[in-house]
Amino acid sequence: MTSVEVDLMELTSEQRNILDGGQGAELADCMKTLVRMGEAFGAPRLVPIKSAHLTGSFKITSFKGYYELLQRIVDAGLKVSVPTTLNPHPGYEYAPQNRLLFRGQKKHESLLETLGVTPNYSCVCYEYHNKPDFGDILAWAESSAVIYANSVIGARTNRHALFADICQAILGLTPEFGYLLDENRRGRVRVKLDVENMDAPALGFLLGRKCMDRTPLIDHYPFDVAELKNMGGAMAASGGVTMFHVLGLTPEAPDEETVLGGKEAEESITITQRDLDELRADHGVQKSTAMVAIGCPQMTLKEVTEVAGYFVGKRVKKKTMLHAMPAALREFEKTDLFDEVLKSGAEIYEHCPLSGLSLRIGIGQQRVLTPSGKLHYYLEGTEYGDLNDVLQVCGVVD
Amino acid sequence: MREFKARRVTGGCANGPALKTSQAINFTGAMCKPANLVPGRKAEIRDNHHELFGKNVKGKVLLFPSAVGSTHTGLVILDLVSRGQGPVAMIVQQADSLLVSGIVLSEVWYGPGIPLLECDDPALFDAVSDGEMVEVDGDAEIIRLA
């Protein structure tokens, strides 16, 4: 183990000892990963984190590196040192292609659990198992969780890639740069709303496109938790947005001057009703889809309860798949509404719809209708409709 | 010979034909698609929201504004770089943690790395045309066009 030249980052003697291999080669490589990342962004030091959230919950057979490295650190006996949650299970059992693509999933999950990771299996980790406070420093991966933590909770995390997230969870440290620093949390694009019927996922999809990686400051609108989640998820898919502000709603946006840091916004844009509506496919196209998928990011208990209400006493006209976070689904299963949803013919899952549907679409060419801006972005062969459109196509709303 | 100053994010030197886009790239959306997942897989951009749809990035000097989207970017870049299946260098206007992590993971845990440079000089992006040979010197922080 050779010593690494560190000229930019200041390390404590313990961190230096780990880097020099004093606690084993694998821990040294974890440290080296953080130091190199930090150097790339001019981070002055590593800072402690309150929690981690891992993105790499899928065993995708075609990729190798991540899984080899995971096996290597598990064999070395390394464990996470901070509370660490995990993204959803992939795939549905029924699709043979998925069984092939996600072969080895159970072993992959057991490796992650051996590291000491909480088996929450949800991208909405902040609802039950990993609830940061305002100002907490985190090392989260999963773009939809990162944007929620920064924007809605006011915690601080950069968007981390898989395995880099594990290195940070093991060491309990993150390089100090980017969204950990006040000056990088300011609003850069001023977004005015000229909208009568809000469609938060569509707004998120458009803002991702327009803002790319710049933080938007959006006019006040009383978005609820599910809307903030679904809007953020879309923004972090079509763009690389890591944080957004909503005036008078999100915790770091009491007023315009505070968010902009006394400066002018780099750009000012207006999103109109027409912009939102244009993302929605024509009614005929929507009706021609083969199935409906709702819940990406996974639905919270409140969200699934609200959506379920539409299915009571109805019969779906199209294959309909709802996706909820496992902990929410366990609670929802105890309610009468759960039976009503099943009676309507709709299906309800705790998996990730994106991974579950990916190969089915590629091979089957069956188009999917979704009110999720994130799923619409990622999944080949999707059409977008707002929730009302989609419920109409399901045949549960007139 | 035209030279452009750039900022080193990860070091190293490489040569290759340019592949340029003014659209940000979502590597998860681009690479986690059937054509790139089956045996003998390719490294084609299969994101049908993207103007480079169908283009193979292997061996190229890839010029794009920034990476966007899912944190699975690291999974994709790690394999592309560690197995020599991806671009030989990347030039972006702004580097982000996902792109950097993928390269760093390959370097630290496997050995191979590629230069990633930041250059926000619009003249570079205007001057380069697709297929033109680009020389990237990550250590000297210089990009040369023949």
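Going down the list, the sequences are from chains A and B.
For the first sequence, this note's numbering puts the final residue at 443, and the numbers step up evenly by one.
For the second sequence, this note's numbering puts the final residue at 156, and the numbers step up evenly by one.
Even for Gly, the Cβ is constructed at its ideal location relative to N, Cα and C.
Contact fails between the region 225 to 240 of chain A and the region 206 to 213 of chain A, because fewer than three Cβ pairs, one in each stretch, are under 8 angstroms apart. As far as DSSP is concerned, TRP119/B takes part in no beta bridge. Neighbours of MET288/A in chain B, taken as residues at a C-beta separation under 8 angstroms, are lacking, since the least C-beta distance is about 13 angstroms.
In terms of CA proximity to GLY293/A, THR303/A leads the group VAL361/A, ASP244/A, MET54/A, THR303/A.
The beta-carbon of VAL114/B is placed less than 7 angstroms from the nearest beta-carbon of chain A. Only those residues of the region 238 to 271 of chain A whose C-beta falls short of 8 angstroms from the nearest C-beta of chain B are listed: GLY253, MET257, ASP258. In the DSSP annotation of this structure, THR365/A is not part of any alpha helix (DSSP H); the continuous beta strand (DSSP E) holding it starts and ends at 364 to 369. In the structure shown, ALA97/A falls within a strand segment according to DSSP collapsed to helix, strand and coil. For ALA16/B, no beta strand (DSSP E) segment is defined, and its DSSP state is neither H nor E. Between HIS290/A and GLY232/A a beta carbon distance of about 5 angstroms is seen, short of the 8 angstroms cut, so the two are scored as contacting. Neighbourhood of LYS77/A in chain B, by CB distance below 8 angstroms: VAL118, in chain order. Neighbourhood of THR100/A in chain B, by CB distance below 7 angstroms: THR81, HIS82, in chain order.
Excluding five sequence positions before and after CYS256/A, the CB atoms of its chain that fall closer than 6 angstroms to its own CB belong to VAL234, GLY284, VAL286, given in chain order.
Cβ neighbours of GLU145/B within its own chain (closer than 6 angstroms, five residues either side excluded): ASN25, ARG154.
For the alpha helix (DSSP H) assignment, the uninterrupted runs of no fewer than 4 residues enclosed by the region 132 to 177 of chain A are, from N- to C-terminal side, 141 to 146, 150 to 159. Interface with chain A (7 angstroms Cβ-Cβ cutoff): VAL98/B is excluded. Secondary structure of ASP210/A (DSSP, three-state): helix. Contacts with chain B (Cβ-Cβ distance below 8 angstroms) from the region 177 to 205 of chain A involve ALA186, GLU187, SER188, VAL191, ASN203, ARG204, HIS205, listed in chain order.
Beta-bridge analysis with DSSP links ALA28/B to VAL71/B. THR130/A has HIS98/A as its beta-bridge partners, per DSSP.
DSSP places CYS23/B in the strand class (E or B) of the three-state scheme. With respect to the 7 angstroms criterion, SER189/A and GLY253/A are not classified as neighbours on the basis of their beta carbons.
Around the beta carbon of PHE63/B, a 10 Å sphere encloses fewer than 16 other beta carbons of the protein chains shown; the residue is thus reported as exposed.
Annotation for VAL119/A: LEU156, THR159, LEU160 place their beta carbon closer than 8 angstroms to its own, counting only its chain and skipping 5 residues before and after.
DSSP places ALA338/A inside the beta strand (DSSP E), whose first and last residues are 336 to 344.
With contacts defined as CB atoms closer than 7 angstroms, CYS341/A and SER417/A qualify as a contacting pair. The beta carbon of LEU115/A is closer than 6 angstroms to those of LEU156 in its chain, skipping five residues each way along the sequence. Judged by pairs of C-beta atoms under 8 angstroms, the region 101 to 108 of chain B does not touch the region 418 to 430 of chain A, as fewer than three such pairs exist.
If you draw a 10 Å sphere on the C-beta of VAL127/A, you find 16 or more other C-beta atoms in it, and that means buried. Residue environment: MET280/A is assigned as buried (16 or more neighbouring CB atoms within 10 Å of its CB, all protein chains considered). Across the region 125 to 156 of chain B, CB contacts with chain A closer than 9 angstroms involve LEU126, in sequence order along the chain.
In this structure, LYS362/A sits away from GLY306/A, with a CB-CB distance that is not shorter than 7 angstroms.
Rounded to the nearest angstrom, the gap between the Cα atoms of GLN437/A and SER102/A is 33 angstroms. Around VAL78/B, the same chain offers ALA34, ASN36 as residues with beta carbons nearer than 6 angstroms, after the five sequence neighbours per side are excluded. Between ILE113/B and LEU126/B, the CB-CB gap stays under 7 angstroms. Taking GLN343/A as reference, the option from LYS152/A, LYS274/A, LYS95/A, ASP74/A with the minimal CA-CA separation is LYS274/A.
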